[in-house]
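Line by line, the protein sequences are chains E and A.
For the first sequence, the working numbering gives the first residue as 32, with consecutive numbering after it.
For the second sequence, the working numbering gives the first residue as 5, with consecutive numbering after it.
C-beta atoms are modelled at their ideal positions from N, C-alpha and C, and glycine is treated no differently.
Just so we're clear, the structure is a prediction, and the values are computed from it rather than from any experiment.
Down below is the structure, laid out as structure tokens.
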Amino acid sequence: MDAIIPLLYIAVFPGFIFLGVYALLMQWVDRKLSAVMQNRVGPPIYQPLADFIKLISKEVVIPENADVILFKSLPYVAMASIITSIFMIPIWDGKALVSFEGDIMVVMYLLIIPTVTFFLAGWSSTSPYSTIGSMRVMTQLFGYEVPLFMSFAGCAILAGSWSISGIAAYFSANPWFILLNLPGFIAALLAAEGKLERVPFDTPHAKNELVGGQFTEYSGRLLAIFLLSIDMEMIVLAAFISAVFLGGLGSFTGLAGFILFIIKTFFVCFILILFKALMARVRVDQMLKFSWKWLVPVSALQILIDILLKVNI
Amino acid sequence: MSKMQIPLGPQHPALKEPENFMLVLDGEQIVDATVNLGYNHRGIEKAAENRNYIQDIYLIERVCGICSHSHVSCYIGAVEEIAKVEVPAIAKALRTIVAELERIHSHLLWLGVAAFELGYDTLFMYTWRDREQVLDCLELLSGNRVHYGMNTIGGVRRDITKEQVDEISKKIKYLKERTSYYVNVVTEEPTFLARTQNVGKLPKDVALELNAVGPTARASGVDIDVRRDEPYFIYDQLDWKVITYHTCDVFGRAVVRVLETIESYKMIEQILKAIPEGPISVKVPWKIPAGEAVFRYEAPRGEDIHYVKSNGTEYPERVKVRAPTLSNFQSLPYCLKQGYLADAVITIAAIDPCMSCTDRAVVYDINKGERKTFDQEELRKYSIEFYKKKGISFK
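Written out as structure tokens, the structure reads:
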């Protein structure tokens with residue numbers, strides 16, 4: 032029995048099945064909301080699942096020059112690292128399933144792994160479109176990763192804790208400090224938009240320029256896993272941001288805590304969807320310029336504010 | 005990193021019609037670009053010689069799906085000039101209304117396509133939704149949404165009623181409101197500005213040298229417009245102005261197009277206020293007297309030229325189409341060369357290319373990598389040989 036429970040955690044809740052269902056649901060919310068904002072009807076609720084099943088049943092084609100083992104294993108690596116990171120984020124309780132000092136850094140690193148797999152996916156496909164796409168993945172990584180790290184570090188400094196659950200507990204005890212962390216929150220949201228490769232920062236797989244970008248040569252099951260893991264990454268990142276910046280779940284536990292988790296992740300995702308509907312895609316050099324000119328100074332300012340607060344309390 | 009050659013097309017999500025652009029990249033920068041035509045040739049000019057003048061109206065209308073009225077008006081203008089027909093005033097007024105509605109439809113469509121190429125799906129959906137209103141107007145007037153079938157030699161085929169005038173005025177009023185909103189979006193939205201300003205630069209002298217026409221030229225400050233320079237229909241009686249812009253980039257082309265739609269609304273309102281009375285067409289004999297004529301017409305994409313030669317029968321001897329896109333294609337490698345790969349698609353979209361209007365036949369030998377064009381005699385010999393091999397012989 033003791034051996035089964037961890038397996039259930041990984042396979043059912045909060046692991047693969049929960050995350051997959053929630054990701055597909057959020058994909059539907061994303062598509063439906065953008066459709067409503069754009070004065071369209073939008074897809075029915077089962078559309079993401081139907082797309083996923085259809086893609087899974089398609090043939091997998093592997094390019095002749097590709098490294099077969101690398102090419103086939105990358106999607107699973109991306110998905111595994113994303114599922115791993117959800118265990119360190121509080122979902123139904125103030126305290127996450129796995130919680131220790133420094134887990135915020137572990138999650139940050141785990142969330143870099145999918146980006147690296149995107150890069151390797153494009154690189155190992157050896158087609159010009161995917162090569163350029165993967166170069167853009169890497170270029171973009173240098174843009175958003177620093178402000179994302181720095182804005183999370185601000186919260187950690189203020190809370191005096193390097194564990195996600197600890198930071199969440201601190202902010203739910205001092206809710207007014209959430210407002211003082213708004214600049215960092217906005218910087219983190221914009222950086223998350225870059226990490227998730229969504230409009231306005233979706234240059235790596237901009238379909239008008241690079242067809243499928245780094246995923247051009249991927250098809251069938253492998254592409255389905257990649258796309259699902261991107262949707263999962265959005266959930267994990269939204270949960271991560273809401274745990275760090277919005278005070279996590281506070282004293283709510285069980286079902287009430289879970290509902291609060293859903294509400295907060297929805298809120299963060301809603302803002303991400305708004306950005307997507309409001310803007311055009313920027314160029315990769317403009318993205319870098321924007322993040323070093325605006326996001327990095329804002330998140331540095333956030334750290335300064337947090338240090339000053341910390342000293343004065 | 006070494007230089008990389010990347011094909012844009014003939015099958016590519018950014019291109020609505022098959023055409024090939026070979027880009028040589030140094031990192032993200034485009035160092036060389038070539039335009040390869042020849043994927044969409046349909047032999048319309050040849051087909052026009054085997055049909056009579058009335059049948060050709062419907063054939064020429066299908067040169068392009070968006071500027072169908074432009075091509076057919078241009079062809080009919082040339083035929084009427086040979087036949088020395090005086091078109092009734094009401095027919096001229098109705099042709100002008102359809103022409104300007106078509107310009108609005110084309111420019112709104114372009115704005116949507118440009119927004120789509122920039123990943124700005126919201127603007128794309130909005131403009132295409134409003135474009136439906138123009139298509140409704142056209143359907144109300146002519147019975148069709150795309151190939152209007154409004155023109156005939158000597159006039160138009162349908163009269164306009166009082167109710168139609170009211171309905172069209174109402175829709176134009178709505179569209180005017182929406183377009184002023186799009187003017188704001190195009191000139192103020194930061195990401196749109198970031199992606200269009202200083203992209204695809206085409207200075208005025210280069211535009212003149214490379215023979216750019218239409219909004220592409222006008223955005224480079226070249227003050228040309230056939231509607232004013234050589235008025236046809238009733239443009240000389242209307243109060244409007246030619247829009248030019250000085251930025252010479254994609255942003256300028258967007259601004260010129262959006263402001264041109266506003267001019268078109270003004271023109272349509274003026275015509276609707278005073279529609280002349282009388283019969284809508286005059287009778288023209290089937291056989292057109294021998295002669296030749298060239299007609300210039302300002303299509304939404306630029307100057308369209310048709311040349312018609314008649315030999316006194318009911319079949320034209322030669323119909324030659326010079327679509328505006330062919331002229332604008334010359335400037336494209338220049339615009340592409342200085343930019344980034346990310347800007348390539350919007351630079352191509354900015355001339356509003358219409359491949360099917362433009363395409364020319366090219367023979368490409370894959371094994372030898374050679375390109376070849378035929379002249380008329382060679383092509384005739386080739387076709388006779390081709391059919392002889394199949395067992396069909398021409399005496």
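Notebook entry, point to check: Assuming A:M129 contacts E:N70 under a Cβ cut-off of 8 Å, what Cβ separation, rounded to an integer in Å, is found between them?
Noted result: Taking the first residue of the second sequence as position 1, residue 129 of chain A is located at position 125. Taking the first residue of the first sequence as position 1, residue 70 of chain E is located at position 39. A:M129 to E:N70, Cβ: 6 Å. Contact.
Next item on the list: Kindly confirm or deny that the stretch 164 to 175 of chain E and the stretch 122 to 137 of chain E touch, where touching means at least three C-beta pairs closer than 8 Å.
Entry: No, the stretch 164 to 175 of chain E is not in contact with the stretch 122 to 137 of chain E.
Checklist line | Proximity test, Cβ basis, 7 Å: A:G13 and chain E | finding: Residue mapping note: residue 13 of chain A aligns to position 9 of the second sequence, counting from 1. Judged by the 7 Å Cβ criterion, A:G13 is not in contact with chain E.
Next item on the list: May I ask you to list, following chain order, the residues of the stretch 229 to 262 of chain E that have a beta carbon less than 7 Å from some beta carbon of chain A?
Entry: Against chain A - using a Cβ distance shorter than 7 Å - the residues of the stretch 229 to 262 of chain E are V230, P231, D233, T234, A237, K238, N239, E240, V242.
Checklist line | Reference E:W325, options E:P121, E:L254, E:S182, E:K63, closest by Cα | finding: Position 294 of the first sequence, counting from 1, holds the residue named residue 325 of chain E. When only C-alpha atoms are compared, the closest one is E:S182.
Next item on the list: Report yes or no: do three or more beta-carbon pairs, one from the stretch 85 to 97 of chain E and one from the stretch 247 to 264 of chain E, lie closer than 8 Å?
Entry: Three or more beta-carbon pairs separated by less than 8 Å link the stretch 85 to 97 of chain E to the stretch 247 to 264 of chain E, which places the two stretches in contact.
Next item on the list: Would you identify the three-state DSSP class for E:P159, choosing helix, strand or coil?
Entry: On the first sequence, residue 159 of chain E is found 128 positions in, with the first residue counted as 1. If DSSP states are grouped into helix, strand and coil, E:P159 belongs with the helices.
Notebook entry, point to check: Listed in chain order, which residues of the stretch 138 to 165 of chain E have Cβ atoms closer than 8 Å to some Cβ of chain A?
Noted result: The stretch 138 to 165 of chain E vs chain A, Cβ under 8 Å: P159, Y160, T162, I163.
Notebook entry, point to check: For A:G295, which residues from the same chain have a beta carbon less than 6 Å from its beta carbon, with the 5 sequence-adjacent residues on both sides left out?
Noted result: On the second sequence, position 291 is the one that residue 295 of chain A refers to. Closer than 6 Å at the Cβ level, and outside the excluded window around A:G295, lie I86, S314.
Notebook entry, point to check: Under the DSSP definition of a beta bridge, which residues are partnered with A:T38?
Noted result: One-based indexing of the second sequence puts residue 38 of chain A at position 34. Per DSSP, the beta-bridge partners of A:T38 are A:M26.
Check: Skipping 5 residues on each side, what residues in its chain have a beta carbon closer than 8 Å to that of A:Q137?
Finding: The residue labelled residue 137 of chain A in the question sits at position 133 within the second sequence. Answer for A:Q137: K175, Y178, L179, listed in chain order.
Next item on the list: Check the Cβ of E:N70 against every Cβ in chain A and list those closer than 8 Å, keeping chain order.
Entry: Within the first sequence, numbered from 1, the residue matching residue 70 of chain E stands at position 39. M129, Y130, R133, listed in chain order.
Check: In chain E, what lies closer than 9 Å to A:E32 by C-beta?
Finding: Stepping through the second sequence from its first residue, residue 32 of chain A is reached at position 28. Within 9 Å Cβ-Cβ: I163, M166, R167, T170, R314, V315, D316.
Margin query: Could you check whether E:P231 and E:R314 sit closer than 7 Å to each other, using their CB atoms as the reference points?
Written below: One-based indexing of the first sequence puts residue 314 of chain E at position 283. One-based indexing of the first sequence puts residue 231 of chain E at position 200. No, Cβ-Cβ distance for E:R314 and E:P231 is not below 7 Å.
Margin query: My output table needs one value for E:E90: the three-state DSSP class, helix, strand or coil.
Written below: Walking along the first sequence from the start, residue 90 of chain E turns up at place 59. In the structure shown, E:E90 falls within a coil segment according to DSSP collapsed to helix, strand and coil.
Notebook entry, point to check: Considering only the beta carbon of each residue, do A:L345 and A:E23 sit closer than 7 Å?
Noted result: Position 341 of the second sequence, counted from the start, is the residue given in the question as residue 345 of chain A. Position 19 of the second sequence, counted from the start, is the residue given in the question as residue 23 of chain A. With respect to the 7 Å criterion, A:L345 and A:E23 are not classified as neighbours on the basis of their beta carbons.
Item checked: the stretch 289 to 308 of chain A in contact with the stretch 318 to 334 of chain A per 3-pair CB rule at 8 Å -> In the pairwise beta carbon analysis, the stretch 289 to 308 of chain A is classified as touching the stretch 318 to 334 of chain A: at least three pairs are separated by under 8 Å.
Checklist line | Helix, strand or coil at E:G285 [DSSP, three-state] | finding: Here residue 285 of chain E refers to the residue found at position 254 when the first sequence is read from its first residue. E:G285 falls in the helix class under three-state DSSP.
Notebook entry, point to check: Near A:S300, which residues of its chain fall below 7 Å by C-beta distance, leaving aside the five closest residues on each side in sequence?
Noted result: Mapped onto the second sequence, residue 300 of chain A falls at position 296. Going by the sequence as given, residue 300 of chain A is Arg instead of Ser. Scanning its chain for C-beta atoms nearer than 7 Å, with the 5 sequence neighbours on each side dropped, one finds around A:R300 the residues V230, E234, E307, I309, in chain order.
Notebook entry, point to check: Between A:Y386 and A:F378, which are expected to be in contact by the criterion C-beta below 8 Å, what is the C-beta distance as a whole number of angstroms?
Noted result: By 1-based counting over the second sequence, the position of residue 386 of chain A is 382. By 1-based counting over the second sequence, the position of residue 378 of chain A is 374. For a cut-off of 8 Å, the C-beta gap from A:Y386 to A:F378 is around 7 Å, short enough to register as a contact.
Check: Could one say the Cβ of A:F402 lies closer than 7 Å to chain E's Cβ atoms, at least one of them?
Finding: Outside the displayed range of chain A (5 to 399) lies residue 402 of chain A, so it cannot be described from this structure.
Notebook entry, point to check: Are the beta-carbon atoms of E:L26 and E:A255 separated by less than 7 Å?
Noted result: Chain E is shown from 32 up to 344; residue 26 of chain E falls before or after that span and cannot be answered.
Note to self: Please classify A:Y152 as buried or exposed, where buried requires at least 16 neighbouring CB atoms within 10 angstroms.
What the structure shows: On the second sequence, residue 152 of chain A is found 148 positions in, with the first residue counted as 1. It counts as buried.
Margin query: I'd like to know whether the C-beta atoms of A:A258 and A:V190 end up nearer to each other than 7 Å.
Written below: Counted from its first residue, the second sequence places residue 258 of chain A at position 254. Counted from its first residue, the second sequence places residue 190 of chain A at position 186. With contacts defined by Cβ atoms closer than 7 Å, A:A258 and A:V190 form a contacting pair.
Margin query: Less than 7 Å between CB atoms is the rule here; does E:M265 satisfy it with respect to chain A?
Written below: Reading the first sequence from its first residue, position 234 is the one you call residue 265 of chain E. E:M265 does not count as touching chain A.
Notebook entry, point to check: Checking contacts by CB at 7 Å: is E:A97 closer than that to chain A?
Noted result: Here residue 97 of chain E refers to the residue found at position 66 when the first sequence is read from its first residue. With 7 Å as the cut-off, E:A97 does not count as an interface residue toward chain A.
Item checked: C-alpha gap between A:V254 and A:Q201, whole angstroms -> Reading the second sequence from its first residue, position 250 is the one you call residue 254 of chain A. Reading the second sequence from its first residue, position 197 is the one you call residue 201 of chain A. A direct Cα-Cα distance of roughly 6 Å separates A:V254 from A:Q201.
Notebook entry, point to check: Under 8 Å Cβ-Cβ, which residues of chain E neighbour A:H16?
Noted result: As a working mapping, residue 16 of chain A is identified with position 12 in the second sequence. V242, listed in chain order.
Check: Given that E:A308 touches chain A, what residues does it touch there, using C-beta distances under 9 Å?
Finding: Against the first sequence, residue 308 of chain E aligns to sequence position 277. Near E:A308 (Cβ distances below 9 Å), the residues of chain A are D125, T126.
Item checked: Rounded C-alpha distance that separates A:P17 from E:L241 -> In the second sequence, residue 17 of chain A corresponds to position 13, counting from 1. In the first sequence, residue 241 of chain E corresponds to position 210, counting from 1. Separation of A:P17 and E:L241 (C-alpha to C-alpha, rounded to the nearest whole angstrom) is 9 Å.
Notebook entry, point to check: Relative to the C-alpha of E:L221, which residue among E:F306, E:S156, E:L151, E:L253 is closest?
Noted result: As a first step, residue 221 of chain E is located in the first sequence; it is residue number 190 there, counting from the start. Minimum Cα-Cα distance from E:L221 among the listed residues E:F306, E:S156, E:L151, E:L253 corresponds to E:F306.
Checklist line | Interface partners of A:R375 on chain E, CB under 8 Å | finding: If you number the second sequence from 1, residue 375 of chain A lands on position 371. Ordered by position in chain E, no residue passes the 8 Å Cβ test against A:R375, which lies about 22 Å from the chain.
Note to self: For A:L330, tell me which candidate among A:T220, A:H73, A:K166 has the shortest Cα-Cα distance.
What the structure shows: For the purposes of this step, residue 330 of chain A is identified with residue 326 of the second sequence, where counting begins at 1. With distances taken between Cα atoms, A:L330 lies closest to A:T220.
Checklist line | At least 3 beta-carbon pairs within less than 8 Å: the stretch 113 to 120 of chain A vs the stretch 139 to 147 of chain A | finding: They do not touch, by the three-pair rule.
Margin query: On the DSSP bridge list, what partners appear for A:K313?
Written below: What you label residue 313 of chain A is simply residue 309 of the second sequence in a count that begins at 1. For A:K313, which the question treats as bridged, DSSP gives the partners A:E296, A:R322.
Margin query: Assuming A:T100 and A:I238 are in contact, meaning their beta carbons sit under 8 Å apart, how far apart are those beta carbons, in whole angstroms?
Written below: Along the second sequence, one-based indexing puts residue 100 of chain A at 96. Along the second sequence, one-based indexing puts residue 238 of chain A at 234. Right, their Cβ atoms sit about 5 Å apart.
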